[in-house]
Amino acid sequence: MSILTQNQLVAVNENFELDLDYGNATHYRAASIIYNLWKIKDPDQAETAAEDIQAKDPNPADSALSYQGSNDDTDD
């Protein structure tokens, strides 16, 4: 399993009509699982959807580089 990109998460949100947040650890894990299952079922559609998002916005504001981990909803 690879690291989920912002574009892949946006593709999951759009395709499955969800509102998952890249900065929320629980949302990120859920989106990662959904995306990987989607890739197993229909790899071409999943990849194309993520590429289409990249074409629309090549530099999303909430990229992995800007993620600070402050929205982690786990208990310490």
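Anchor point for the sequence shown: position 18 equals 18 in UniProt numbering, and the numbering is continuous, going up by one each time.
Yeah, the Cβ is synthetic: ideal placement off N, Cα and C, and Gly gets one too.
These figures come from a predicted structure and were not determined experimentally.
The beta carbons of L18 and V12 sit closer together than 8 Å.
Between Y35 and A25, the gap from beta carbon to beta carbon reaches 8 Å or more. Looking only at A55, Q8 and D57, the smallest Cα-Cα distance to A31 is reached by Q8. Counting along the chain, the unbroken alpha helix (DSSP H) around E14 starts and ends at Q6 to F16. Taking 8 Å as the cut-off, the beta carbon of L37 is found no closer than this to the beta carbon of H27.
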